[in-house]
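Q: Before I ask anything, let me first share the structure, which is written out below as structure tokens.
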Amino acid sequence: MEGTRLEKLQKLREKNLAYPYRFEVSHYIGEVRNKYEKPTNGEEVVVKGSVKRVSKTEEGFLVRLAENGVEMLVITEEELKTGQEYTLKGKVGRYEGKLCLYHASLETGGELQSIRLLKSSYDLEPEREEVSLGGRLVTLRSMGKALFGHLQDATGRIQIYLSKDTVGEDAFKEFEELVDTGDILGVRGRLFRTNTGELTVEVKSYTLLAKSLHAMPEKWHGLKDVEVRYRQRYLDLISNEEARRIFLIRSKLVQGVRNFLNKEGFLEVETPILQHVASGANAKPFLTYHNYLEQNLYLRIAPELFLKRLIVGGFNRVYELGKNFRNEGVDTTHNPEFTMVEFYVAYWDYTDLMDFTERLISHVLLSTIGTLKVNYKGREIDFTPPYRRYKYFELLKEKTGKGKDFFVKDLEGLRKLARDVGVPKADSLTHSKLIDKVFDLLVEDELWGPCFVLDFPRLLSPLAKTHREDPELVERFELFVAGKELANAYTELNDPIDQRDRFMQQLRENEMGDEEAMQMDEDFITALEYGMPPTAGEGIGIDRLVMIVAGVDSIREVILFPALRRL
RNA sequence: GAGCCGGUAGCUCAGUCGGCAGAGCAACGGACUUUUAAUCCGUGGGUCGCGGGUUCGACUCCCGCCCGGCUCACCA
């Protein structure tokens, strides 16, 4: 902690001003800005002005361009010189809320637009509306008898102006003495625009709502240290616009999923996370202990078997959006606790789900980012339905020239193939794992655009119903995007006798060394014995979907507090 | 679990061949009533991730450990 900030806090305590209980806020900051800043539409304009400052950013040079004192931002690849006058052509947009000319290039002729007029058409006059706002003071520029700063929350940022004239001599002096950047501040005053056109609160009175005892991260470069960004995510959210963007997308996306499913008549349910048998997926569970029951319990690896019990119970459409826990490694696409939505529909089969998935993804994308096309790792992904559909063994045949019979029946031949293509530990893997690994290695990475892979080998899918046309297959599909599995679905196995056989097969797989083979769940089989209607079910990985929608390549960037070792 | 890279002031980063620990921002003092990465003058600030070793001398070289990132293995 910083000594001088502690001293200021002490002075606040003496004046009984240290940590007030409440502050009446009229708007969140973003609301005020939205009210007076019209959305831009990419209009192309030519403007002329002199360069006040050039900053280097990831998007190019960020330039402050002034025409008779009125300013706008410009983002350009051109190397402009401070103090020089230029005519520039570009598209009108906003940069952190401020009017900005994007993709600006030098221009000789063209119809000139005055910056003042351009700004007045997008940035409306606030008519001295009175507002009361709270936020964190993130910048502060003191000029003796007046000062400017910016107040920020996750919805936006707004400039504040204080002078001896507006708040009075004593309050101004107190501000300079006791307030630092980083403090949470409440301000009341009237909105106006400065000479350069920036929306600003002319502060009549202010309240220091919480002192920050630590200095803020650097105002220009932000917080870069990824470890600090994950461990102290609040600092990331304060100082990095990108972090705020990602988690606002995540929130909207989750909301979009819920809205869509609710609209389609699904019931949102919650099933146990603490389970006696961790089944429903191939994964190693976390183990915990319940003192009163005097029993070990597992953290769920999937909600599947409970959701299907609810189908037995007559809830025809159910979903659960929540966390699963798998005791596995951590990398750019895996976190030990991750979020999935699983949903089940009585009387449907997996072909119904493919169409449904396309509709769901479309709805979610449009409601979060307003488009079906996203850029990911420098390539476009187009989610416009329909998605391509490939059969599992046809993809393998393309790559290996071998058909389904080879993979299902010729274990030794498969083992040799696996060795040849470089599957690690090919000598000790079980038959089903071998097929799975060969597929991963040869096919998966190439499935870039959204596509369904369907009709998986029965061996790999102990909960899926046997294919109506081929007893060696099941009615199952996975949705692949950017080489990663995003969703997994099947026509659910509802024959209890068959289900028991499949679990038994899993137990044998376990004995043969597959630690992740599924556990037998007798209670679930009992439920099936009472009769489960034909049902289709699907799970979608929310974290991965957010990664693609937000365009980031590490799962930790879309999880607020990712798993890290304790310091 | 393995390989590679990284950890230096509150933050972002330099640090040459082993020779007094550096800059910008932030902070502190001063000037400045429309600034906006404000500006100008001045000041303070370090367990160089931790622990050993080599050396007259280690941020720098060697060994071990901790934490993180990437790749791989495992997994969705």
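To get my numbering, take the position in the first sequence, counting from 1, and add 358. Backbone N, C-alpha and C fix where the C-beta goes; we use that ideal spot for every residue, glycine too. Computed from a prediction, not measured in an experiment: that's the story for all the values here.
Could you check whether residue 539 and residue 507 sit closer than 9 Å to each other, using their CB atoms as the reference points?
A: Yes, they are a contact pair.
Q: For residue 371, does the count of other Cβ atoms within 10 angstroms reach 16, so buried, or fall short, so exposed?
A: Residue 371 should be labelled exposed.
Q: Could you tell me whether the Cβ atoms of residue 431 and residue 420 are closer together than 9 Å?
A: Yes; because the gap between Cβ atoms is below 9 Å, this pair is in contact.
Q: Would DSSP call residue 647 helix, strand or coil?
A: Correct three-state label for residue 647: strand.
Q: Out of 449, 388, 380 and 468, which one is the CA nearest neighbour of residue 459?
A: For the residues 449, 388, 380 and 468, the minimum Cα distance to residue 459 belongs to 449.
Q: Could you tell me the alpha carbon to alpha carbon distance between residue 800 and residue 793, rounded to whole angstroms?
A: Straight-line Cα distance between these residues: approximately 11 Å.
Q: How many Å lie between residue 909 and residue 608 at the Cα?
A: Straight-line Cα distance between these residues: approximately 12 Å.
Q: Please tell me whether residue 851 and residue 832 are closer than 9 Å, where the distance is taken between their beta carbons.
A: Their beta carbons are under 9 Å apart, which means residue 851 touches residue 832 by this criterion.
Q: Is residue 676 near residue 615, with beta carbons less than 9 Å apart?
A: Contact flag unset, no.
Q: Starting from residue 523, trace the alpha helix (DSSP H) in both directions and tell me its first and last residue.
A: First-last of the alpha helix (DSSP H) with residue 523: 522-525.
Q: Quickly, what does DSSP pair residue 702 with across the bridge? List them, please.
A: Answer is 676 and 895, bridged to residue 702.
Q: Please give me, in chain order, every unbroken run of the beta strand (DSSP E) with length at least 3 that falls completely inside the stretch 444-508.
A: Entirely contained in the stretch 444-508, the beta strand (DSSP E) runs reaching 3 residues are, in chain order, 456-464 and 488-500.
Q: Would the beta-carbon of residue 596 fall within 9 Å of that of residue 510?
A: Their beta carbons are under 9 Å apart, which means residue 596 touches residue 510 by this criterion.
Q: Out of 766, 384 and 761, point me to the one whose CA is closest to residue 488's CA.
A: Among 766, 384 and 761, the Cα nearest to that of residue 488 belongs to 384.
Q: Using three-state DSSP, classify residue 855 as helix, strand or coil.
A: Residue 855 falls in the helix class under three-state DSSP.
Q: Restricting to Cα atoms, I'd like to know which of 424, 455 and 454 is closest to residue 440.
A: Out of 424, 455 and 454, 424 has the C-alpha closest to the C-alpha of residue 440.
Q: Does the stretch 583-590 touch the stretch 883-903, meaning 3 or more C-beta pairs lie closer than 8 Å?
A: The stretch 883-903 vs the stretch 583-590: no contact.
Q: Tell me whether residue 572 sits in a helix, a strand or coil according to DSSP, three-state version.
A: If DSSP states are grouped into helix, strand and coil, residue 572 belongs with coil.
Q: Which of helix, strand or coil does DSSP assign to residue 423?
A: The answer is strand: DSSP assigns residue 423 an E or B state.
Q: Distance, Cα to Cα, residue 640 vs residue 911?
A: Answer to the nearest angstrom: the Cα atoms are 25 Å apart.
Q: Applying the 10 Å Cβ sphere with the 16-neighbour rule, what's the burial state of residue 377?
A: Residue 377 should be labelled exposed.
Q: Could you tell me which residues DSSP puts in a beta bridge with residue 683?
A: 695.
Q: For residue 652, count neighbouring Cβ atoms within 10 angstroms of its own Cβ and tell me buried if that reaches 16, exposed if not.
A: Residue 652 should be labelled exposed.
Q: If we ignore side chains and look at the alpha-carbon of each, how far apart do residue 390 and residue 741 end up?
A: Roughly 34 Å separates the two Cα atoms.
Q: Does the stretch 630-646 come within contact of the stretch 873-891, defined as at least 3 CB pairs closer than 8 Å?
A: As far as the Cβ criterion goes, the stretch 630-646 touches the stretch 873-891, which means the pair count is three or higher.
Q: Cβ atoms of residue 788 and residue 823: under 9 Å apart, would you say?
A: Contact: no.
Q: Can you have a look at residue 706 and say buried or exposed, based on whether 16 or more other CB atoms are within 10 angstroms of its CB?
A: When all chains shown are included, residue 706 counts as buried.
Q: Quick one: what does DSSP say residue 863 is sitting in, helix, strand or coil?
A: The answer is helix: DSSP assigns residue 863 an H, G or I state.
Q: Could you tell me the alpha carbon to alpha carbon distance between residue 846 and residue 809, rounded to whole angstroms?
A: Computed Cα separation, rounded: 12 Å.
Q: Answer yes if the stretch 708-717 comes into contact with the stretch 760-780, meaning at least three C-beta pairs across the two stretches below 8 Å, and no otherwise.
A: Output reads no: the stretch 708-717 does not touch the stretch 760-780.
Q: So, helix, strand or coil for residue 660, using DSSP?
A: DSSP places residue 660 in coil when its eight states are reduced to three.
Q: Among 604, 864 and 588, which one has its Cα closest to the Cα of residue 907?
A: Comparing Cα-Cα distances from residue 907 to each of 604, 864 and 588, the minimum goes to 604.
Q: Whole angstroms are fine: how far does the CA of residue 513 sit from the CA of residue 438?
A: Going by the C-alpha atoms only, they are around 32 Å apart.
Q: When burial is assigned at 16 or more other CB atoms within 10 Å of the CB, is residue 368 buried or exposed?
A: That one is exposed.
Q: On the three-pair Cβ rule with 8 Å, is the stretch 467-474 touching the stretch 495-506?
A: Not touching, per the Cβ criterion.
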